[in-house]
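So for the sequence shown, the numbering used here puts the first residue at 669; every next one is plus one. By construction, the Cβ of each residue, glycine as well, lies at the ideal position given by its N, Cα and C atoms. In this text, all values refer to a predicted model and were calculated from it rather than measured experimentally. Worksheet: one structure, shown below.
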Amino acid sequence: MIAQFFGCCRFVYNLFLAYHKDVYASEKRNVSQYECMRMITQLRRDKDCLWLSTCDSMALQESVKDLDRAYRSFFDGRGGYPRFHKRHASSQSYRTRNQKGCIRIDGSHIVLPKLGPVKARISRLPEGRILNATVSRTASGKYFVSLCCEEELVPKPNGGGSVGIDLGIKDLCVLSNGDVIPNPKHLSKYEKKLRREQRSLSRMIEANISHRDSLGRPVWKKPLSECSNIQKQRIQIARIHEKICNCRTDALHKLSAKLVNENQVIALESLNVKGMVKNHHLAKAIADASWSRFVTMLEYKGFEHGCDILKVSTFFPSSQICSSCGYQNPKVKDLAVRRWVCPQCGEVHDRDINAAVNVLSKALAMQQP
Ligand SMILES: [Zn+2]
669 MIAQFFGCCR FVYNLFLAYH KDVYASEKRN VSQYECMRMI TQLRRDKDCL WLSTCDSMAL
729 QESVKDLDRA YRSFFDGRGG YPRFHKRHAS SQSYRTRNQK GCIRIDGSHI VLPKLGPVKA
789 RISRLPEGRI LNATVSRTAS GKYFVSLCCE EELVPKPNGG GSVGIDLGIK DLCVLSNGDV
849 IPNPKHLSKY EKKLRREQRS LSRMIEANIS HRDSLGRPVW KKPLSECSNI QKQRIQIARI
909 HEKICNCRTD ALHKLSAKLV NENQVIALES LNVKGMVKNH HLAKAIADAS WSRFVTMLEY
969 KGFEHGCDIL KVSTFFPSSQ ICSSCGYQNP KVKDLAVRRW VCPQCGEVHD RDINAAVNVL
1029 SKALAMQQP
C-alpha cells in the first residue's frame, strides 16, 4: 500500500505539473493550489481514477503543496523549473498530515492514515504535537517514517567560546584550536568495498550487452529489470552507499552538537555549490555533500543554543594568509603544501589549522560594525 501511495502522489504531482504547463501555454495564467485541491476531490470520484480514492487524501494534497512550493522557489529564483518525478527514482517518499490524532505511536506500531497500525522500530518517542509524517523508502528498500513535531523552544546554553572550521578531505575537518577531527572509522573500508562492488556491477552490465546499435547504444540480451543478479548487485551497492552516509551523518551530528555546546561564535567557509557540481571525484564529492549537511545541522542546532554561525566567502584565500602577520603566500595555493614557513615572520604553519584560524578572524572582523 505504501508503494501504491508513492505512485498516487507522483501521479498527482506530475498531472498538475502538466496542467500548470498547459494552462500557462494557453491562458498565460498560473494555477493556484486551491484549484488543484478541488480537482483532486473530483478526480477521486472519477471512474477512471478510482484507484486514487484508495490513497490517503491528505498525502495527495501535500504533493500539490510540494508542487506549489517548487513553483514558488522557481519564481523567487531559488530553484529551477519543477520537473516531472520519475517512476523509478531510487528513493521514494510521501508526506501526510496529522488530523485529530490520525498519526500516533501505539506501542511498537505507528498508526498512519489509511494504512492503520504499521509495525515499526520506534527510534525515539515524539515530543510535542505531531504535525506531519513523511514515509520514505531508501534505494536499498528500507522504509522509514519521520515525524515533524512542534514544541515550545527552550533556549539551551553554550560555552561562549569561538571557533573556526576548515573542511578537509583527508580528515572530516580541522578546528582553529588545532583539533583535527578524523573521518569516522571504517569509512575508507566501505569506500574500497563500494569501488569493488561498482566494478562488479559494471562487469555484469557489460556481460549483458549483446551488441551496440548504429548510434552506439547498447542492446541488451535480457532487459535490465529482469536480470536478478544485476538488481541484487544494485541493492548491495545502495546498502554500502547508505552505510557510508550513515557513518558520516553520525559523525557530523556528534561534532555539530559538541561545537554548538561549547561555542558562541562558529565561523566557516560558505559552500561553493558550482564547484561541487563540477566535481566528479568520489571522496571530494562525498565530502562536499556532507559539508552542506553539516552546515544545516550547525544552523538548526546553533539556533537552539543561540550561537552565531558566521560564513566567510569561498573567495577569501584562507589557506594562503599567515595567521600571525597577515602575509599572503601565493605558493600555498598548491594543495600538496601541507606545512609552510612564513617568509615574513618565520612562523611555521599547518595548512588546515592556519586556514581555520584565518576563517575565524575574518568572520570576527566581519562581525564588527
Ligand atoms: Zn607571517
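Is the Cβ-Cβ distance between residue i and residue j less than 9 angstroms?
i    : j     : result
S731 : Y681  : yes
T802 : S761  : yes
L936 : L835  : yes
M669 : K782  : yes
W719 : C676  : yes
E971 : N1026 : At residue 971 the sequence reads Phe, which differs from the Glu that was named. Cβ distance not < 9 angstroms, so F971 and N1026 don't count as in contact.
T917 : R961  : yes
C913 : P852  : no
E874 : I905  : no
S991 : S1029 : yes
I644 : V887  : The question about residue 644 has no answer here: the residues shown for the chain are numbered 669 through 1037.
C704 : Y692  : no
C975 : Y995  : no
Taking the C-alpha atoms as reference points, what is the distance between residue i and residue j?
i     : j     : result
E910  : R697  : 43 angstroms
S830  : Y858  : 34 angstroms
L1032 : R746  : 28 angstroms
G784  : F812  : 16 angstroms
L862  : K900  : 14 angstroms
C993  : T982  : 21 angstroms
D774  : K768  : 15 angstroms
H753  : Y739  : 14 angstroms
C1010 : L840  : 26 angstroms
N800  : R712  : 22 angstroms
G748  : E819  : 33 angstroms
Q710  : F679  : 15 angstroms
H973  : L855  : 30 angstroms
D1002 : S938  : 21 angstroms
W1008 : V1000 : 8 angstroms
A1023 : P998  : 14 angstroms
L780  : P850  : 41 angstroms
R751  : H777  : 35 angstroms
H879  : K889  : 8 angstroms
M872  : S741  : 41 angstroms
Q672  : R755  : 11 angstroms
K689  : V699  : 9 angstroms
Y702  : E795  : 32 angstroms
I787  : C817  : Per the sequence shown, the amino acid found at residue 787 is Lys instead of Ile. Going by the C-alpha atoms only, they are around 20 angstroms apart.
R907  : E894  : 20 angstroms
V963  : K838  : 19 angstroms
M726  : S814  : 16 angstroms
E695  : R763  : 31 angstroms
K715  : D724  : 17 angstroms
Q1035 : R772  : 45 angstroms
S896  : H921  : 37 angstroms
F674  : R737  : 19 angstroms
V842  : A1004 : 17 angstroms
R1006 : K860  : 25 angstroms
A757  : L892  : 15 angstroms
S717  : R867  : Reading off the sequence shown, one finds Cys at residue 717, where the question assumed Ser. Going by the C-alpha atoms only, they are around 44 angstroms apart.
D744  : K733  : 16 angstroms
C793  : S882  : First, the amino acid is wrong: residue 793 is Leu here, not Cys. C-alpha separation (whole angstroms): 59 angstroms.
My guess is that residue i and residue j are in contact by the Cβ rule of under 8 angstroms, so how many angstroms apart are they, rounded?
i    : j    : result
I798 : N766 : 5 angstroms
I977 : I934 : 5 angstroms
L735 : F684 : 6 angstroms
R902 : L923 : Contact doesn't hold; Cβ gap of about 32 angstroms is too wide.
V980 : S986 : 7 angstroms
K969 : A925 : 6 angstroms
Answer with yes or no whether the minimum CB distance from residue i to chain D is below 9 angstroms.
i    : result
P886 : In the structure shown, chain D cannot be found, because there is only a single protein chain.
Stretch-stretch touch, CB-based, cutoff 8 angstroms, three pairs: the stretch 918–936 with the stretch 810–829: yes
Three or more C-beta pairs below 8 angstroms linking the stretch 829–848 and the stretch 802–810: no
Cβ contact (3+ pairs, closer than 8 angstroms) linking the stretch 841–849 and the stretch 1013–1022: yes
Any alpha helix (DSSP H) of 4 or more consecutive residues that is wholly inside the stretch 720–808: Within the stretch 720–808, the complete alpha helix (DSSP H) segments at least 4 residues long are 725–743, listed from N- to C-terminus.
Entirely enclosed alpha helix (DSSP H) segments - the stretch 895–933, minimum 4 residues: 896–930
Continuous alpha helix (DSSP H) assignments of at least 4 residues falling wholly in the stretch 947–1027: 950–973
Complete beta strand (DSSP E) runs within the stretch 828–898 (minimum length 3 residues, chain order): 829–835, 841–843, 877–880, 886–888
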